[in-house]
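Participant: Position 344 of the sequence shown, counting from 1, maps to 344 under UniProt numbering, and the rest follow consecutively.
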Amino acid sequence: MNVNLYGADGKWLMVDCGITFADPAYPGIDVILPDLTFIEDRIDDLLGIVITHGHEDHIGALPYLAADLDVPIYATPFTAGLIRGKLEEEGVADQVTLRIVEVGGNVKLGPFDVDFVPLAHSIPEGNALAIATPYGRVFHTGDWKLDEAPQIGTPSTGEELAAIGDKGVLALVCDSTNVFNDERSGSEADVRAGLDKAIEEAAGRRVLVTTFASNAARLKTLGDCARDTGRTLCVAGRSLDRILKVARATGYLKDFPETVDFETAMRLPRGEVLIVGTGGQGEPRAALGRIADGSHPIKLEAGDRVIFSSKQIPGNEVAIGKIMNQLAEKGIETITDRQAHVHVSGHPGRPELAEMYRWIRPEIVVPVHGEVRHLAEHARFALTQGVPQSIVHKDGEVLRLAPDGPKRIGFATVGRLVLDGDVILPSDGGTINERRRIAAYGQMSVAVALGKGGRMIGSPQVRLQGIPVEEDREPFLAEVASNVAEAIRGGSRDAEKLREAIRLAARRVATRWTGKKPVVDVLLIEG
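#1: Looking only at its own chain, which residues have a Cβ that is under 6 Å from the Cβ of residue 536, when we skip the five neighbours before and after it?
#2: Is it buried or exposed, LYS245, if we count other Cβ atoms within 10 angstroms and call 16 or more buried?
#3: Quick check on the burial criterion: 16 or more other C-beta atoms within 10 angstroms. Buried or exposed for GLU352?
#4: For GLY277 and CYS17, what's the separation of their Cα atoms in angstroms?
#5: Leaving out the 5 sequence neighbours to the left and right, which residues in its chain are closer than 7 Å to THR37 when beta-carbon positions are compared?
#6: What residue range does the beta strand (DSSP E) around SER459 cover?
#7: Judging by CA-CA distance, which residue of ARG305, HIS347, SER310 and ASN316 is the nearest neighbour of ALA328?
#8: Start and end of the alpha helix (DSSP H) containing TYR64?
#9: Taking the straight line between their C-alpha atoms, what separation do you get for MET324 and ALA202?
#10: For the putative contact between ALA80 and ILE100, defined by C-beta atoms under 8 Å, what is the C-beta separation to the nearest angstrom?
#11: ASP35: buried (16+ other C-beta within 10 angstroms of its C-beta) or exposed?
#12: Hey, how far is the Cα of GLY448 from the Cα of PRO24?
#13: Less than 6 Å between C-beta atoms, sequence neighbours within five positions excluded: which residues of the same chain meet that for VAL480?
#14: To which residues does DSSP link GLN339 through a beta bridge?
#15: Using the Cα positions of GLU159 and ARG227, report the straight-line distance between them to the nearest angstrom.
#16: Identify the residues that DSSP records as bridge partners of LEU233: which are they?
#17: How many Å lie between residue 576 and GLU397 at the Cα?
#18: Curious, which full-length beta strand (DSSP E) runs of at least 3 residues does the segment 311–376 contain?
#19: Since GLY415 is in the alpha helix (DSSP H), which residue starts that stretch and which ends it?
#20: Flag this pair as yes or no: are the beta carbons of GLN151 and THR221 separated by less than 8 Å?
#21: Quick one: grab the DSSP three-state call for HIS140.
#22: Could you give the distance in angstroms between the alpha-carbon of GLU317 and the alpha-carbon of SER310?
#23: For the structure I just gave you, are there three or more beta carbon pairs, one from the segment 108–118 and one from the segment 1–11, closer than 8 Å?
#24: Beta-carbon within less than 6 Å of ALA247's beta-carbon, same chain only, minus the 5 sequence neighbours each way: which residues are those?
#25: Suppose contacts are defined by Cβ-Cβ distances below 8 Å. Is TYR26 in contact with ILE432 by that definition?
#26: Helix or strand or just coil, what does DSSP make of GLY410?
#27: Taking HIS55 and ASP175 to be in contact with their CB atoms under 8 Å, please state how far apart those CB atoms are, rounded to whole angstroms.
#28: Please report the residue range of the beta strand (DSSP E) in which ARG400 lies.
#29: From what residue to what residue does the alpha helix (DSSP H) around LYS497 run?
#30: Given that a residue counts as buried once 16 or more other Cβ atoms are within 10 Å of its Cβ, and exposed if not, what is THR259?
#31: Please report the Cβ distance between LEU62 and ILE73, rounded to the nearest whole angstrom; I am assuming they are in contact, meaning their Cβ atoms lie under 8 Å.
#32: If you draw a straight line from the C-alpha of ILE199 to the C-alpha of ALA163, how long is it?
#33: Can you look up LEU383 in the DSSP assignment and give me helix, strand or coil?
#34: In terms of residues, what are the limits of the beta strand (DSSP E) holding ASP35?
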């Protein structure tokens with residue numbers, strides 16, 4: 001959910017605008033958006049949104065928030081293709097200005113002079129941003145790694161990065177994701193041999209490789225692996241289809257092998273097909289999840305092999321484990337990067353960070369991307385490598401880099417919004433809090449009809465959702481009705497006071513029976 005704001009001379013530049021994915025703390029929610037109140041309150045001074053690369057945590061919020069920000073978006077061709085597809089899907093393409101910047105290009109916006117600096121990552125056209133201002137130059141890395149053989153694209157050389165350092169860099173705002181890794185992340189070229197070996201070992205059997213759809217370099221590698229092992233390629237997953245389409249339209253993957261449809265793949269001899277599928281992070285609706293539960297046209301059988309050519313994202317362990325267990329029940333073998341060299345990271349280890357410091361030579365390192373422990377370790381590591389200053393910058397802190405910085409000078413409004421169906425809501429607002437309470441405690445509805453003099457007509461009607469009474473449901477309902485009737489007989493004639501007495505009477509029964517305090521809604525019908 002990356003959003004960065006740079007301010008100079010009263011004007012603002014936004015870098016990236018991404019999403020994150022919800023966890024069980026947000027019932028019924030899939031997507032979480034950043035709260036942009038701080039910049040919305042200064043909307044007349046926002047000059048534009050500059051995008052480093054096309055991963056969801058950097059572009060995913062644009063279809064929902066960019067139209068209201070009403071400033072141009074600047075991105076390189078591949079990234080712009082992904083953004084355009086998202087805007088069209090959401091029906092807002094005509095409301096947002098999307099401007100394409102050539103690879104290695106430049107954008108001038110008010111006091112900001114921004115050079116796009118190509119860096120390797122696990123998606124085409126990863127860019128750092130060299131942001132020149134009247135007060136100094138910031139080198140904002142985005143997500144990056146060093147790769148001498150990246151397979152797709154041409155990242156900047158050490159000499160080119162050192163030339164940026166020669167101009168003087170005030171601050172390096174830098175990726176911290178792999179700061180605990182003592183080794184380099186490795187080259188995409190190295191993965192091909194490991195994948196070839198893992199595929200060849202499954203001779204005579206179907207093989208499915210799952211990877212991040214956006215990793216077009218890995219898709220190229222898998223196309224090469226299909227040729228190396230004499231297998232026909234089948235692609236399963238809408239996001240893979242979308243990435244292939246955008247990559248080809250922007251000049252990448254021109255030599256990607258022809259693919260076959262699901263039906264053809266199932267007719268081929270088992271050892272002659274290589275399936276590339278989405279779902280390596282445990283997404284139940286993705287191709288691998290549906291294949292694992294048997295609801296997909298592609299079928300795997302005992303002895304077949306699934307290769308996870310991706311890193312397990314923290315938080316997805318349970319979902320991935322569920323799919324692996326489903327595959328194991330069918331006798332399908334799974335291979336991960338723990339058993340074979342089938343993946344390399346798209347983020348820098350400590351040796352790569354150290355090289356970047358030597359090239360850029362910043363006065364200050366500002367760690368970003370990662371948890372607090374990653375940021376703190378990155379700040380410490382930078383100091384050990386001779387960087388004069390580093391600072392751990394938390395979400396919402398307003399940090400002055402120059403003059404006389406780095407210094408915390410204030411706090412911005414930050415937080416989370418949720419996408420609930422087609423509606424954007426506060427993550428801690430009434431709707432989500434109500435849903436959390438219902439999810440945790442259950443819900444009970446009590447309807448009572450009252451006649452003249454406040455006398456009850458008939459019996460209270462009680463409905464339950466999510467209250468754990470199971471076999472005891474009928475006696476439980478009878479006791480609730482009895483307690484409600486008693487509350488009415490001794491209750492107030494004031495409607496609100498009576499409603500509260502009924503609510504408490506019903507909830508007391510639930511607490512006595514279950515130990516829970518459910519949400520209780522009361523409907524009074526007065527005749």
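All residues carry an ideal CB built from backbone N, CA and C; glycine is no exception. Keep in mind that this is a model prediction, so the values were computed, not measured.
Facilitator: Short version:
#1: Given a span of 1 to 527 for the chain in the structure shown, any question on residue 536 remains unanswerable.
#2: exposed
#3: By the Cβ-count criterion, GLU352 is buried, with 16 or more other Cβ atoms from all chains shown falling within 10 Å of its own Cβ.
#4: 27 Å
#5: Cβ within range, chain order: THR413.
#6: Start and end: 456–465.
#7: ARG305
#8: That run of the alpha helix (DSSP H) goes 62–69.
#9: 18 Å
#10: 5 Å
#11: buried
#12: It is Val, not Gly, that sits at residue 448 in the sequence shown. Taking the straight line joining both Cα atoms gives about 35 Å.
#13: VAL462, ALA506 and VAL509, listed in sequence order.
#14: For GLN339, DSSP records no beta bridge to any residue.
#15: 36 Å
#16: THR259 and LEU274
#17: Residue 576 is absent from the structure shown; the chain starts at 1 and stops at 527.
#18: 333–335 and 362–368
#19: Unbroken run through GLY415: none, as it is neither H nor E.
#20: yes
#21: strand
#22: Going from the Cα of GLU317 to the Cα of SER310 covers about 13 Å.
#23: yes
#24: For ALA247, where only same-chain residues beyond five positions count, the Cβ hits under 6 Å are ALA216 and LEU253.
#25: Annotated as proximal: TYR26 and ILE432, with beta-carbon spacing under 8 Å.
#26: strand
#27: Not confirmed; about 12 Å, so no contact.
#28: 397–400
#29: 495–514
#30: buried
#31: 7 Å
#32: 43 Å
#33: helix
#34: That residue, ASP35, is in no beta strand (DSSP E); it is neither H nor E in DSSP.
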